[in-house]
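One structure below.
Residue numbers (the working numbering): 510 to 1010.
This is how it looks when you write it as structure tokens:
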């Protein structure tokens, strides 16, 4: 006959219903699946290696057991602390909210007001159950956050095993290995984000304003130029002709041609007679190329967005492209279909996301334009959200679940549209001169490839809602360095796997 506990007093009653302290020796990680799996596996492995018993939803990947039941049991009966992975999308997921609710009930039952420890990976709005909870900040790096977390856990004097918890170690080892791919000796085609510059204007010219024109007048005239110019001293470098420069009233600029040089020679050596060294020559050419590229974007009716670092992003408005989708097919048999404008939900509001790019010319190791994909958000499809913080949060959360393949194919679709399906894009540097860039981007062949689990790949080309794998943060990072001085040769292109028919 089973024993029953008699409620002799409150203390003994609690003792009967709450597991003994020794039983609560596990850390439970609550997180969004699959968005925060990468971080959770990393964190769980480190905590397990530090001697803690650790449980999280990612352990379900092992299969063969009723993990849902084991995880709930771990949360209700074994957890000594719950670590909440705090991200905007994570705290909105129903599964995470369910775990927060259960954890809140457990916290009341065991009388631990600090039972839930939020880990702030991004800025987010806290659910009311943890609004007052002290968080561990991971915004400055996972390593620093882990160090602070371990120090906090030691301060709580949580149960720490005398020896490594064998089951926990094995669980997290399996969670890591399930995503492991095998390198195989099979060549693989990769797509970069580099567009090779294949044609330059014949010459570059230096025009100087006539004596007597004020500096303010010079600045105003140069600012109103239709064609790319690089202002310096009392003049400017350009590839346009003198007759290309007229004021809004139709009057010719008061300028005189001082130098006309062979473009390729200028780019390769500079011009000592003009006090222009090689690096300065490259900067001049880079500036002219960027201006020509931005003029092309304007001519294609793309909208611009000013980032905090002064970089312009160019994005596709709603209805600019029929159906907001582009089908592309290059000669190399690269083909697909991608949506460049779509919808998502932010709280109770439906918002639109828009694909865009920034372009940055580089002159080494060979002349090329480096394309950085962007993602912008609007509420009406035509005007970018003005709240910079909200835009930043959306940019960090919405595309977090997108695969590398999606970014690659959106870029290819965009370039196919920009080039009208041709193998190049022409940029105007003057009425009779231009710069030609090659599309699609530079490809390369890797002598080895990485095997993939076919069960994880989509059956068809994803159009609306793909998921993310891999580290693509640096490819979409908004704060890449503005380069007016040096362009290091060691820079490498971002690469993506080629999709073929």
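In this text, a Cβ means the ideal position worked out from N, Cα and C, and glycines have one as well.
In this text, all values refer to a predicted model and were calculated from it rather than measured experimentally.
What does a CB cutoff of less than 6 Å around residue 726 pick up in its chain, not counting 5 residues either side in sequence? The residue given as residue 726 occupies position 217 in the chain shown. Counting only Cβ-Cβ distances below 6 Å, and skipping sequence neighbours, we find nothing.
Nearest residue (CA-CA) to residue 668, options 535, 566, 919 and 748: Reading the chain shown from its first residue, position 159 is the one you call residue 668. Cα-wise, what sits closest to residue 668 is 535.
What is the DSSP secondary structure of residue 805, counted as helix, strand or coil? On the chain shown, residue 805 is found 296 positions in, with the first residue counted as 1. Residue 805 falls in the helix class under three-state DSSP.
Length of the line joining the Cα atoms of residue 654 and residue 544: One-based indexing of the chain shown puts residue 654 at position 145. One-based indexing of the chain shown puts residue 544 at position 35. Using only the alpha carbons, I get a separation of about 19 Å.
With C-beta atoms as the reference, is residue 949 less than 8 Å away from residue 919? Along the chain shown, one-based indexing puts residue 949 at 440. Along the chain shown, one-based indexing puts residue 919 at 410. No, these two residues do not count as a Cβ contact at 8 Å.
What's the gap between the Cα of residue 810 and the Cα of residue 857? As a first step, residue 810 must be located in the chain shown, where it is residue number 301. As a first step, residue 857 must be located in the chain shown, where it is residue number 348. C-alpha separation (whole angstroms): 31 Å.
Can you look up residue 733 in the DSSP assignment and give me helix, strand or coil? The count along the chain shown starts at 1 and reaches residue 733 at position 224. Three-state result, residue 733: coil.
Sequence-distant residues of the same chain with beta carbon closer than 6 Å to residue 992, five excluded per side: Taking the first residue of the chain shown as position 1, residue 992 is located at position 483. Bear in mind that the predicted position of residue 992 carries a pLDDT of just 37, short of 50, making it unreliable; the figure below should be weighed with that in mind. Taken in chain order, the list of residues that qualify is empty.
The beta strand (DSSP E) spanning residue 872 covers which residue range? Counted from its first residue, the chain shown places residue 872 at position 363. Per DSSP, residue 872 belongs to no beta strand (DSSP E) and is neither H nor E.
When you compare the CB positions of residue 847 and residue 838, do they come within less than 8 Å of one another, or not? Position 338 of the chain shown, counted from the start, is the residue given in the question as residue 847. Position 329 of the chain shown, counted from the start, is the residue given in the question as residue 838. Contact flag unset, no.
From which residue to which residue does the beta strand (DSSP E) around residue 926 run? As a working note, residue 926 is residue 417 in the chain shown. Taken as a continuous stretch (DSSP letters only), residue 926 belongs to no beta strand (DSSP E), being part of the alpha helix (DSSP H) at 913-927.
Residue 740 (DSSP reduced to helix, strand or coil): The count along the chain shown starts at 1 and reaches residue 740 at position 231. Residue 740: strand per DSSP, three-state reduction.
Give me, in chain order, the residues of the same chain whose beta-carbon lies closer than 6 Å to that of residue 978; leave out the 5 immediate sequence neighbours on both sides. To locate residue 978, count along the chain shown from 1; it is residue 469. The predicted model places residue 978 with a pLDDT of 31, which falls under 50 and marks its position as unreliable, so this point remains unresolved.
Could you say which of 859, 873, 874 and 908 lies nearest to residue 865 if we only look at CA atoms? Counting from one through the chain shown, the residue named residue 865 turns up at place 356. Here the closest residue by C-alpha is 908.
Which of the three DSSP states, helix, strand or coil, is assigned to residue 833? Working through the chain shown from its first residue, we reach residue 833 at position 324. Three-state result, residue 833: helix.
Between residue 981 and the rest of its own chain, which residues show a CB-CB distance below 7 Å, the 5 nearest in sequence each way excluded? Locating residue 981 in the chain shown gives position 472, counting from the first residue. Residue placement at residue 981 is poorly supported in this model, since its pLDDT is 31, which falls under 50; the coordinates still yield a value, given next. Cβ within range, chain order: 913 and 916.
Are the Cβ atoms of residue 612 and residue 648 separated by less than 8 Å? Numbered from its first residue, the chain shown carries residue 612 at position 103. Numbered from its first residue, the chain shown carries residue 648 at position 139. It is not a contact, given that the beta carbons lie outside the stated cut-off.
Can you look up residue 547 in the DSSP assignment and give me helix, strand or coil? By 1-based counting over the chain shown, the position of residue 547 is 38. Residue 547: helix per DSSP, three-state reduction.
Indicate whether residue 609 and residue 539 have their beta-carbon atoms separated by less than 8 Å. Taking the first residue of the chain shown as 1, we reach residue 609 at position 100. Taking the first residue of the chain shown as 1, we reach residue 539 at position 30. Yes.
With a 10 Å radius around its C-beta and 16 neighbouring C-beta atoms as the bar for buried, classify residue 711 as buried or exposed. Translated into the one-based positions of the chain shown, residue 711 becomes position 202. By the 10 Å Cβ count, residue 711 comes out exposed.
Would you call the segment 874-894 and the segment 690-710 touching, i.e. three or more CB-CB distances under 8 Å? Touching, per the Cβ criterion.
State the Cα-Cα distance for the pair residue 556 and residue 620, rounded to the nearest angstrom. Your numbering for residue 556 matches position 47 in the chain shown. Your numbering for residue 620 matches position 111 in the chain shown. So the alpha carbons of these two residues sit roughly 25 Å apart.
So what does DSSP say about residue 567, is it helix, strand or coil? As a first step, residue 567 is located in the chain shown; it is residue number 58 there, counting from the start. Note: residue 567 maps to helix in three-state DSSP.
Under three-state DSSP, which class holds residue 882? Here residue 882 corresponds to residue number 373 of the chain shown, with the count starting at 1. If DSSP states are grouped into helix, strand and coil, residue 882 belongs with the strands.
Determine the contact status of residue 592 and residue 548, defining contact as a CB-CB distance below 8 Å. Here residue 592 corresponds to residue number 83 of the chain shown, with the count starting at 1. Here residue 548 corresponds to residue number 39 of the chain shown, with the count starting at 1. Result no, Cβ atoms of residue 592 and residue 548 do not sit closer than 8 Å.
Between 770, 606 and 860, which has its C-alpha nearest residue 709's C-alpha? Taking the chain shown and counting its residues from 1, one reaches residue 709 at position 200. Closest option to residue 709, Cα to Cα, is 770.
Backbone secondary structure at residue 863 - three-state DSSP: As a working mapping, residue 863 is identified with position 354 in the chain shown. Shown here, residue 863 sits in a strand according to DSSP, grouped into three states.
Close-in-space but distant-in-sequence residues of the same chain around residue 754 (CB under 6 Å, 5 per side omitted): As a working note, residue 754 is residue 245 in the chain shown. Excluding sequence neighbours, residue 754 sits near 762.
Classification of residue 826 by the beta-carbon crowding that lies within 10 angstroms, buried from 16 upward: Translated into positions along the chain shown, residue 826 becomes position 317. It counts as buried.
Would you tell me roughly how many angstroms separate the C-alpha atoms of residue 927 and residue 805, rounded to the nearest one? The residue labelled residue 927 in the question sits at position 418 within the chain shown. The residue labelled residue 805 in the question sits at position 296 within the chain shown. When rounded, the distance between both Cα atoms is 9 Å.
Between residue 698 and residue 954, which are expected to be in contact by the criterion C-beta below 8 Å, what is the C-beta distance as a whole number of angstroms? Within the chain shown, residue 698 is the residue found at index 189, counting from 1. Within the chain shown, residue 954 is the residue found at index 445, counting from 1. About 6 Å separates the two Cβ atoms, so the contact holds.
Of the residues 716, 732, 723 and 743, the one placed nearest residue 749, counting alpha carbons only: Numbered from its first residue, the chain shown carries residue 749 at position 240. Considering only alpha carbons, the answer is 716.
Just the C-alpha distance for residue 560 and residue 625, rounded to the nearest angstrom, thanks. To locate residue 560, count along the chain shown from 1; it is residue 51. To locate residue 625, count along the chain shown from 1; it is residue 116. Between residue 560 and residue 625, the C-alpha separation is close to 20 Å.
Report buried or exposed for residue 701, applying the criterion of at least 16 other Cβ atoms within 10 angstroms of its Cβ. By one-based count along the chain shown, residue 701 stands at place 192. Buried, since its Cβ has 16 or more Cβ neighbours within 10 Å.
Is the beta carbon of residue 546 less than 8 Å from the beta carbon of residue 604? As a working note, residue 546 is residue 37 in the chain shown. As a working note, residue 604 is residue 95 in the chain shown. Contact flag unset, no.
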